[in-house]
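Colleague: When we follow the working numbering, the leftmost residue of the sequence shown carries the number 1, and every step to the right adds one.
Think of the CB as a built atom: it goes at the ideal place given N, C-alpha and C, for glycine as much as any other residue.
One structure coming up, written as structure tokens, with questions to follow.
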Amino acid sequence: MRIASLDPQGPVASGIADLWWFLLILGSAVFLLFVVLLFRALRKKESFDAETGQALVRRWVIGGGVILPGIVITGVFIVTIAAIRSMPTPGEEDRTLIEITGHQWWWDVVYPLASVRTANEMYLPVGEEVELRLLADDVVHSFWVPALAGKTDLLPDKITSMVIEASEEGAYRGVCAEFCGLQHANMAFTVVAVSGPEFETWLELQAEPPTGATGETAQGRKVFLDAGCGECHTIAGTSDGINAPDLSHLASRLTLAAGTFPNTPDHLRNWVTRPQEFKEGVEMDNIDLDPASLEALILYLESLE
Ligand code: CUA
1 MRIASLDPQG PVASGIADLW WFLLILGSAV FLLFVVLLFR ALRKKESFDA ETGQALVRRW
61 VIGGGVILPG IVITGVFIVT IAAIRSMPTP GEEDRTLIEI TGHQWWWDVV YPLASVRTAN
121 EMYLPVGEEV ELRLLADDVV HSFWVPALAG KTDLLPDKIT SMVIEASEEG AYRGVCAEFC
181 GLQHANMAFT VVAVSGPEFE TWLELQAEPP TGATGETAQG RKVFLDAGCG ECHTIAGTSD
241 GINAPDLSHL ASRLTLAAGT FPNTPDHLRN WVTRPQEFKE GVEMDNIDLD PASLEALILY
301 LESLE
């Protein structure tokens, strides 16, 4: 999984990384110049008469204190404005649209035009600009996929938007970049960039309810409903809770608990029964299940492809 902001994998992130390198190189050059001049001044033991000394001071103050910073700051200003202007603006073109709502501490993800709802994971068509509409359910969060774009805050009272694009297929890790409570550090997500046709297939699969439960998975489905999981979680065709991540296609996701664990049966078993131990403060309570019920529940959840 690619994470580094200085290893950009899309045009928006590249623009930001280029600007960062420009500022680093320019800042280093100014710093180096300052160090060289400082050492020269410290080593020089010349003495001047008052008039020459004053002229020298004036020259250095005007040259080094006004002209040089003027040139440097103007340069930084121009390059920064150019970088901002080269970024795609939200709301301008026909793009794939994703609505993302930040919750303590997970991400609700909706593709409104395809009637798809998922959580903590989103697919994008590679090489295409995708528009995100962002909102927070509780406190301020911040959406950041370092390899793909800059940060944008999710606010409780105002929709914000941004454009991201991945130029290579792959899975990219995203994080919440604004402190939002106890489990801020465990509020991550995955962006998966795939080819256009693969993206369409994914959307179609996600729009369908999971295949019906039979035998042991039907037993697990009953455990899910009896334990009250469906009051908060939606599983299409089974329950319609809206206070927690949609689980309709849980088994197809790469991670659990908003990027906290890889999605394996062992992690799922721990997470479902003892969430307070692994992510203290989440709204889900620990549950006590007899071993047979737990295994049936895990089998059922694992069947939600
Ligand atoms: Cu959400 Cu930090």
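Between which residues of its own chain and Ala-236 is the CB-CB distance below 7 Å, once the five residues before and five after are set aside?
Modeller: Pro-209, Pro-210 and Ser-248
Colleague: Should Trp-106 go down as buried or exposed, given a rule of 16 or more other Cβ atoms within 10 Å for buried?
Modeller: buried
Colleague: From Lys-44 to Arg-59, what does the alpha carbon distance come to, in whole angstroms?
Modeller: 17 Å
Colleague: Where does Ala-13 fall in DSSP's three states?
Modeller: helix
Colleague: Tell me which same chain residues have a C-beta within less than 8 Å of the C-beta of Gly-181, skipping the five on either side of it?
Modeller: Gln-104, Trp-105, Val-139 and Gly-281
Colleague: Please classify Glu-165 as buried or exposed, where buried requires at least 16 neighbouring CB atoms within 10 angstroms.
Modeller: buried
Colleague: My assumption, with CB atoms under 8 Å, is that Leu-301 sits in contact with Leu-250. Please give the rounded CB distance.
Modeller: 6 Å
Colleague: Enumerate in chain order the residues of its own chain whose CB-to-CB distance from Ser-5 is below 6 Å, with the five nearest sequence positions on each side excluded.
Modeller: Pro-146
Colleague: Per DSSP, Met-187 forms a beta bridge with which residues?
Modeller: According to DSSP, which records beta bridges pairwise, Met-187 is partnered with nothing at all.
Colleague: Would you call the region 83-97 and the region 239-248 touching, i.e. three or more CB-CB distances under 8 Å?
Modeller: no
Colleague: Tell me the residue span of the alpha helix (DSSP H) that contains Ser-115.
Modeller: Unbroken run through Ser-115: none, as it is neither H nor E.
Colleague: Pull up the DSSP beta-bridge partners for Arg-133, would you.
Modeller: Glu-99 and Ser-161
Colleague: CA-CA distance, Ala-292 and Leu-148?
Modeller: 44 Å
Colleague: May I ask you to check if the CB of Cys-232 is nearer than 6 Å to at least one heavy atom of the ligand COA?
Modeller: Although the ligand COA was asked about, the structure shown includes only the ligand CUA as ligands.
Colleague: What does His-141 pair with, by DSSP beta-bridge criteria?
Modeller: Leu-154
Colleague: Give the DSSP-derived three-state secondary structure of Cys-176 in the structure shown.
Modeller: strand
Colleague: DSSP state of Ser-303, grouped into three classes?
Modeller: coil
Colleague: Within its chain, find whatever has a CB closer than 6 Å to the CB of Ser-303; leave out the 5 residues flanking it on each side and keep chain order.
Modeller: Thr-217
Colleague: Alpha carbons only, please: which of Glu-99, Val-36, Met-122 and Asn-263 is nearest the one belonging to Thr-190?
Modeller: Met-122
Colleague: Please classify Thr-89: does DSSP put it in a helix, a strand, or coil?
Modeller: Under the three-state reduction of DSSP output, Thr-89 falls in the coil class, being neither helix nor strand.
Colleague: Roughly how many angstroms lie between the CA atoms of Glu-46 and Thr-52, to the nearest whole one?
Modeller: 12 Å
Colleague: In whole angstroms, what separates the C-alpha of Val-130 from that of Trp-21?
Modeller: 26 Å
Colleague: Going by DSSP, which residues form a beta bridge with Trp-60?
Modeller: According to DSSP, which records beta bridges pairwise, Trp-60 is partnered with nothing at all.
Colleague: Are there 16 or more other CB atoms within 10 angstroms of the CB of Lys-158, so buried, or fewer, so exposed?
Modeller: Exposed, since its Cβ has fewer than 16 Cβ neighbours within 10 Å.
Colleague: Under a Cβ-count criterion, where at least 16 other Cβ atoms within 10 Å of its own Cβ denotes burial, should Ile-100 be classed as buried or exposed?
Modeller: buried
Colleague: Tell me whether the beta-carbon of Thr-152 lies closer than 7 Å to the beta-carbon of Leu-134.
Modeller: yes
Colleague: Which residues does DSSP list as the beta-bridge partners of Leu-124?
Modeller: Ala-193
Colleague: Could you tell me which whole alpha helix (DSSP H) segments of length 4 or greater appear in the region 194-228?
Modeller: 196-207 and 215-226
Colleague: Closer than 6 Å: is that where the CB of His-103 sits relative to any heavy atom of the ligand CUA?
Modeller: no
Colleague: How long is the line joining the alpha carbons of Ala-185 and Leu-113, rounded to whole angstroms?
Modeller: 31 Å
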